[in-house]
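Trainee: Before anything else, here's the structure in question.
2 protein chains.
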Amino acid sequence: MKKVDIKEVARKAGVSIATVSRAFNDSSRVKAPTKEKIQKISKELNYIPNPIARSLSKKSSETIGVVLPDLFGEFFMDIIHGIDEEAYKHNWFVILSSSHSKRNILETLVEFMGSGRVDGVILMAPQIDERINEIIKKSKRPVVLINAGDSVDINCGANFKINNFEGAYNITEHLIKTHNYKKIGFVSGPKDNYDALERAKGYYKAMHKNGLTVDESLVVPGNFLLESGYAGLKKLLNNKIVPDAVVMANDMMAVGAYQAAKELGYKIPDDIAVVGFDDIYLSQFLAPRLTTVHVPIQDLGRKAVLQLLEITMNKKKNHKPYIETLPTNLIIGGSCGCGR
Amino acid sequence: MKKVDIKEVARKAGVSIATVSRAFNDSSRVKAPTKEKIQKISKELNYIPNPIARSLSKKSSETIGVVLPDLFGEFFMDIIHGIDEEAYKHNWFVILSSSHSKRNILETLVEFMGSGRVDGVILMAPQIDERINEIIKKSKRPVVLINAGDSVDINCGANFKINNFEGAYNITEHLIKTHNYKKIGFVSGPKDNYDALERAKGYYKAMHKNGLTVDESLVVPGNFLLESGYAGLKKLLNNKIVPDAVVMANDMMAVGAYQAAKELGYKIPDDIAVVGFDDIYLSQFLAPRLTTVHVPIQDLGRKAVLQLLEITMNKKKNHKPYIETLPTNLIIGGSCGCGR
DNA sequence: AGTTTAAATGTAAACGTTTACATTTTTAAA
DNA sequence: TTTAAAAATGTAAACGTTTACATTTAAACT
Numbered sequence: 001m002k003k004v005d006i007k008e009v010a011r012k013a014g015v016s017i018a019t020v021s022r023a024f025n026d027s028s029r030v031k032a033p034t035k036e037k038i039q040k041i042s043k044e045l046n047y048i049p050n051p052i053a054r055s056l057s058k059k060s061s062e063t064i065g066v067v068l069p070d071l072f073g074e075f076f077m078d079i080i081h082g083i084d085e086e087a088y089k090h091n092w093f094v095i096l097s098s099s100h101s102k103r104n105i106l107e108t109l110v111e112f113m114g115s116g117r118v119d120g121v122i123l124m125a126p127q128i129d130e131r132i133n134e135i136i137k138k139s140k141r142p143v144v145l146i147n148a149g150d151s152v153d154i155n156c157g158a159n160f161k162i163n164n165f166e167g168a169y170n171i172t173e174h175l176i177k178t179h180n181y182k183k184i185g186f187v188s189g190p191k192d193n194y195d196a197l198e199r200a201k202g203y204y205k206a207m208h209k210n211g212l213t214v215d216e217s218l219v220v221p222g223n224f225l226l227e228s229g230y231a232g233l234k235k236l237l238n239n240k241i242v243p244d245a246v247v248m249a250n251d252m253m254a255v256g257a258y259q260a261a262k263e264l265g266y267k268i269p270d271d272i273a274v275v276g277f278d279d280i281y282l283s284q285f286l287a288p289r290l291t292t293v294h295v296p297i298q299d300l301g302r303k304a305v306l307q308l309l310e311i312t313m314n315k316k317k318n319h320k321p322y323i324e325t326l327p328t329n330l331i332i333g334g335s336c337g338c339g340r
Numbered sequence: 341m342k343k344v345d346i347k348e349v350a351r352k353a354g355v356s357i358a359t360v361s362r363a364f365n366d367s368s369r370v371k372a373p374t375k376e377k378i379q380k381i382s383k384e385l386n387y388i389p390n391p392i393a394r395s396l397s398k399k400s401s402e403t404i405g406v407v408l409p410d411l412f413g414e415f416f417m418d419i420i421h422g423i424d425e426e427a428y429k430h431n432w433f434v435i436l437s438s439s440h441s442k443r444n445i446l447e448t449l450v451e452f453m454g455s456g457r458v459d460g461v462i463l464m465a466p467q468i469d470e471r472i473n474e475i476i477k478k479s480k481r482p483v484v485l486i487n488a489g490d491s492v493d494i495n496c497g498a499n500f501k502i503n504n505f506e507g508a509y510n511i512t513e514h515l516i517k518t519h520n521y522k523k524i525g526f527v528s529g530p531k532d533n534y535d536a537l538e539r540a541k542g543y544y545k546a547m548h549k550n551g552l553t554v555d556e557s558l559v560v561p562g563n564f565l566l567e568s569g570y571a572g573l574k575k576l577l578n579n580k581i582v583p584d585a586v587v588m589a590n591d592m593m594a595v596g597a598y599q600a601a602k603e604l605g606y607k608i609p610d611d612i613a614v615v616g617f618d619d620i621y622l623s624q625f626l627a628p629r630l631t632t633v634h635v636p637i638q639d640l641g642r643k644a645v646l647q648l649l650e651i652t653m654n655k656k657k658n659h660k661p662y663i664e665t666l667p668t669n670l671i672i673g674g675s676c677g678c679g680r
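Structure, rendered in C-alpha cells:
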C-alpha cells in the first residue's frame, strides 16, 4: 500500500492537481466526465486526500475538541454519546480530552485553541476560573460551553445549561403540593458547584413560595457522592426535627440515602420520602423506583455540536453568545409516596 | 491574538526558523542561552508550534484513533476512560469514533489509516469481517485490537482480550462446588458475539468437568439486553426441569432476571441462584448483591494505548502481534447463595 | 598561530493540500 | 465565422513546520 498523493492521481488522470483537488471539493467547477475519471482513478489507487495537509491549507480541520472535567460516570458518557453522534452525522471528528487535573484544562484549552488541531471546542468546566475565561476571550476559535454558570456568557459562542433551578423547584413543590409534606430536608451538593447551587436555590424557593420555613437543621451539606448521601440522611434522621421527606441534590446521594434508610429501619416512602436529581440509569432499579428529575444530557451534547458547527460555518464576527437553558422533567417513582 | 508563527519567533529572537524548531524538538542541538531566549520569546508571544504543520512535516500526529462499536453502556465508558488517561499521560491525543453503523467501521478505519490523522488505531470490533481484516492487513499504521476474537491475530499489532472462558468457567464451578447446585441454567449472549461464545464455552466446560450433563432446555438464548434476561429466566422457571441456579451471560441480563424472579415470586438466592458477568456498576446495588465476574475494562484501554505507543516508537517492522488475555476475577455477592 | 574537529546555526527543500490568478477551451451571440 | 462571455483547467504560491545539507562559529590540538 504505497503512498498515493494528489500528484499521482493527477498524473494518472492526465489533469493537474488543482483539478483533482476541485473534484474532491467544490465539484461544480469541474466537468462531469473529468470528475468521473478522477473518482474512478482515486478509487483504484485508494486515494484519500490527506486531511492533515488539507487542514494546513484550509486552516480548518473539521474536528471538534471536547474538554470535559473528568471522564467518569454516566453523565459524561451521555454527553460524549450526544456529541459523537451529532458530530458523526455532520462528518466531523471529535478529539477528546478529559481534564485529569485542574491545570490540565488550561493546557488542553491552549493547545486546542492555539493550533489548527480543532476548529472549535466544547468545554464543560463546572466552574470557570479567570484564566480559563481569559483564554476563551482571546481565542480565535469558537467555544461552546456546557453547564458553565453564567459568569462567562460574554466570551463564549454559546452556553447550554440545564434548568437546575426549575427542576429542583418542581420536585420540591411536588412533595409539598401532592403529598403535603411539611418538614422537607435537603442534602446539598458541593458548595462551589454551579449545578448544586441552582438546585439548592430551587429547593429554597419552592419551600418559601409554599409558605414553608426551612429550619437550619433540615439542610445538610453533601458532595454529590453516594457516601455523603448516606451520611446526610443519617444525620437528618437523627435530627431534632425529623423530616418526612428529603430532597437529595443528586441521584447518587439518593442511593446512599436508600442505604441509610434501610440500615436505620426506615421504609421509603412510608417513613421518609426520598427524591433525587439526574435520573441516572441506576435510579430506575431502586426499590421503590426513585422519583427524580430527568436531565437531557445527550441533548446537551448534541446541541453543543450543532451550535458549534453553525458558528464555524457562519463565521459571524461578533455574534452575541447563544444561551439556552434546557428544561428538565419530573420522573415520578414510588419514593415520593406516589402510587401508594 | 494575531497569529504568531515560527518565523515571527525566529525574527524576534534573531535566529533562523530551523533553530527555533530545534529548540522545541531536539533541544540538545541548540546552545543553552539561545534556547532560553527562544523559550522566553515564545512565551511572550504565546507561540505554540502548529501541530498540523508539524504533523504534515513529521508524518505523525501523536494522535490515536479509537474506533468502538457503539458508544453505549459503562463498558465503553471504562474503555475510553482507560485510553484517555493513558494517552494523556504520554501526551497523546485521542480521536474518538464510535461506529454508528456497521458500514461506518470500515469508513472510519479507512479514513484513519489512509491519512496522517492518526498514528495508530485502537479498534474494538466484536466480530471482524473480512473487509476490516483486509484493511488492517494493508495498513501502514499499527492497529491494536480489543476483544476481537482470534481470527485476526495475524495482521494486527496486538490483541487484548478478556478471559471470558475462564471467568465463566470459574463462576459456574463456584455454583457447583461451593453450593452444590446440579441443575444450572444458562442464558447466553448474541450468537455472533465473541465474548458471548467464550462465556458459553466456559459454562459448558465447567459443567462437563464436574460431571454434570447439560439438558438442552437449560440453555436459553439471550442478547445481552435486560429484556432478554427477563424473558430468559421466565422461560427457565417455566421449564420442565426448573434450575436451582442460573448463569446469565452478562449482568444486564441478570438484572432482568432479578425482575422476572421478583414477579414470579421466586426469592434469590433461596429459590433460585443467579450470577452474572461483567461486574457493572449497577450490580452492587442489586439486592442481594449480584455474584458476578469482574472484568478489567479500564486496563484493557490502558494496555492498548501503551502497546500502541510502543509499536509506534519502536517501529519494529515485522513484529509478531502481541497477544494478551487479561484475567477476570470472581465477585462474590449474595445472589449465588453465599453468606446465607 | 594554524589546523582539525566539533558544535551551533542557517538555507532551502520537502510534507500534501487549497486556491487566487492566469490560461485555455467551450458555448453563445452577433 | 468571428467574438465576447462563460466554463474548465492549469500554474504556482501559500499553509507552518521539520530536517538533510551547507555554512559559520567555537573549542581543542599541534
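In order, the protein sequence lines correspond to chains A and B. Counted from 1, the first sequence has number 199 at position 199 by the numbering used here; the numbering is strictly sequential. For the numbering used here, add 340 to where a residue sits in the second sequence, where the first one is 1. Glycine is no exception: its CB is placed at the ideal position from the N, C-alpha and C atoms.
Return the residues of the stretch 396-409 of chain B that lie within a Cβ-Cβ distance of less than 8 angstroms from chain A, sorted by chain order.
Mentor: Against chain A - using a Cβ distance shorter than 8 angstroms - the residues of the stretch 396-409 of chain B are L396, S401 and T403.
Trainee: Look up H174 of chain A in the DSSP assignment and say whether it is helix, strand or coil.
Mentor: Three-state result, H174 of chain A: helix.
Trainee: Residues of chain B with CB closer than 9 angstroms to the CB of T270 of chain A, please, in chain order.
Mentor: Residue 270 of chain A is actually Asp in this sequence, not Thr. Going along chain B, no residue has its Cβ under 9 angstroms from D270 of chain A, so there is no contact; the nearest lies around 18 angstroms.
Trainee: Just the Cα atoms here: how many angstroms apart are L408 of chain B and V434 of chain B?
Mentor: If you take the alpha carbons of L408 of chain B and V434 of chain B, they lie about 13 angstroms apart.
Trainee: Which two residues bound the contiguous beta strand (DSSP E) that contains K161 of chain A?
Mentor: It spans A158 to I162 - the beta strand (DSSP E) in which K161 of chain A sits, taken as one unbroken run.
Trainee: Is the stretch 505-519 of chain B touching the stretch 582-594 of chain B, taking contact as three or more C-beta pairs under 8 angstroms?
Mentor: Touching, yes.
Trainee: Roughly how many angstroms lie between the CA atoms of L145 of chain A and T668 of chain B, to the nearest whole one?
Mentor: Answer to the nearest angstrom: the Cα atoms are 40 angstroms apart.
Trainee: Decide if R199 of chain A is buried, meaning its Cβ has at least 16 other Cβ atoms within 10 Å, or exposed.
Mentor: Buried: at least 16 other Cβ atoms inside 10 Å.
Trainee: Grab me the residues of A304 of chain A's own chain with a C-beta within less than 7 angstroms of its C-beta, minus the 5 sequence neighbours each way, in chain order.
Mentor: Taken in chain order, the residues that qualify are I83, I122, V144, I146 and F160.
Trainee: Out of curiosity, what's the CA-to-CA distance linking A158 of chain A and A148 of chain A?
Mentor: So the two alpha carbons sit approximately 10 angstroms from each other.
Trainee: Mind pulling the chain B residues with CB within less than 7 angstroms of S115 of chain A?
Mentor: Going along chain B in sequence order, the residues near S115 of chain A (Cβ under 7 angstroms) are I388, N390, P391 and I392.
Trainee: Anything in chain B within Cβ reach of L197 of chain A, meaning under 8 angstroms, just list it in chain order.
Mentor: The premise fails here: L197 of chain A is roughly 27 angstroms from chain B at the closest Cβ pair, so nothing lies under 8 angstroms.
Trainee: Quick check on G167 of chain A: does DSSP put it in helix, strand or coil?
Mentor: In this structure, G167 of chain A counts as helix in the three-state DSSP scheme.
Trainee: Is T668 of chain B helix, strand or coil by DSSP?
Mentor: DSSP places T668 of chain B in coil when its eight states are reduced to three.
Trainee: Give the residues of chain A in contact with V434 of chain B, contact being defined as C-beta atoms less than 8 angstroms apart.
Mentor: Near V434 of chain B (Cβ distances below 8 angstroms), the residues of chain A are I95, L96 and S97.
Trainee: Identify every run of the beta strand (DSSP E) within the stretch 190-234 of chain A, keeping only runs that are complete inside it and at least 3 residues long; order them along the chain.
Mentor: Entirely contained in the stretch 190-234 of chain A, not one beta strand (DSSP E) run reaches 3 residues.
Trainee: Can you grab the Cα-Cα spacing for the pair K399 of chain B / G456 of chain B, in whole Å?
Mentor: Distance between the alpha carbons of K399 of chain B and G456 of chain B is about 6 angstroms.
Trainee: Can you find the residues in the same chain that come closer than 7 angstroms, C-beta to C-beta, to K240 of chain A, ignoring five residues on each side of it along the sequence?
Mentor: The answer, listed in chain order, is S217.
Trainee: For the putative contact between V293 of chain A and G167 of chain A, defined by C-beta atoms under 8 angstroms, what is the C-beta separation to the nearest angstrom?
Mentor: Their Cβ separation, rounded to whole angstroms, is 4 angstroms, which keeps V293 of chain A and G167 of chain A in contact under 8 angstroms.
Trainee: I'd like to know whether the C-beta of Y428 of chain B is nearer than 8 angstroms to at least one C-beta of chain A.
Mentor: So yes, Y428 of chain B belongs to the interface.
Trainee: Please name the residue in A:N210, A:K235 and A:Q39 whose C-alpha comes closest to that of P221 of chain A.
Mentor: Measuring from the Cα of P221 of chain A, the nearest candidate turns out to be A:K235.
Trainee: Using only CA atoms, which one of B:L385, B:I612, B:S367 and B:I651 lies nearest to K138 of chain A?
Mentor: Closest by alpha carbon: B:L385.
Trainee: Beta strand (DSSP E) containing I462 of chain B: first to last residue?
Mentor: I462 of chain B -> beta strand (DSSP E) spans G460 to L463.
Trainee: Helix, strand or coil for D278 of chain A, going by three-state DSSP, please let me know.
Mentor: Strand at D278 of chain A.
Trainee: Just checking: is the beta-carbon of E414 of chain B within a distance shorter than 8 angstroms of some beta-carbon in chain A?
Mentor: Cβ-Cβ to chain A under 8 angstroms: yes for E414 of chain B.
Trainee: For the stretch 595-609 of chain B, which residues have a beta carbon sitting closer than 8 angstroms to at least one beta carbon of chain A?
Mentor: From the stretch 595-609 of chain B, only V595 have a Cβ closer than 8 angstroms to chain A.
Trainee: Give, in chain order, every unbroken run of the alpha helix (DSSP H) that is at least 4 residues long and sits entirely within the stretch 380-446 of chain B.
Mentor: Taking only runs of at least 4 residues, the alpha helix (DSSP H) segments lying wholly in the stretch 380-446 of chain B are 391-398 and 413-429.
Trainee: State yes or no: is the C-beta of C676 of chain B within less than 8 angstroms of the C-beta of H548 of chain B?
Mentor: Not a contact, by the Cβ cut-off of 8 angstroms.
Trainee: By DSSP, does Y687 of chain B sit in helix, in strand, or in coil?
Mentor: Lying before the first or after the last residue shown, residue 687 of chain B is absent from chain B, which here runs from 341 to 680.
Trainee: With a threshold of 8 angstroms on Cβ separation, who are the neighbours of A87 of chain A within its own chain once the five nearest residues in sequence on each side are excluded?
Mentor: Within the same chain, A87 of chain A has close Cβ partners I64, F93, V94 and V305.
Trainee: Roughly how many whole angstroms lie between the Cα atoms of D70 of chain A and S439 of chain B?
Mentor: So the alpha carbons of these two residues sit roughly 23 angstroms apart.
Trainee: In or out: T325 of chain A buried (at least 16 other Cβ within 10 Å) or exposed?
Mentor: T325 of chain A is exposed by the Cβ-count criterion.
Trainee: So what does F526 of chain B bridge to, in DSSP terms?
Mentor: According to DSSP, F526 of chain B bridges with B:V559 and B:V587.
Trainee: Under 8 angstroms Cβ to Cβ from P49 of chain A, same chain only, skipping five residues before and after it: list those, please.
Mentor: Counting only Cβ-Cβ distances below 8 angstroms, and skipping sequence neighbours, we find I6, S21 and F24.
Trainee: Comparing C-alpha positions only, which one of A:L300, A:D129, A:A287 and A:Y230 sits nearest to D192 of chain A?
Mentor: Per the Cα distances, A:D129.
Trainee: Give the interface partners of L622 of chain B over in chain A, defined as CB-CB distance under 8 angstroms, in chain order.
Mentor: Those are Y281, L282 and F285, listed as they occur along chain A.
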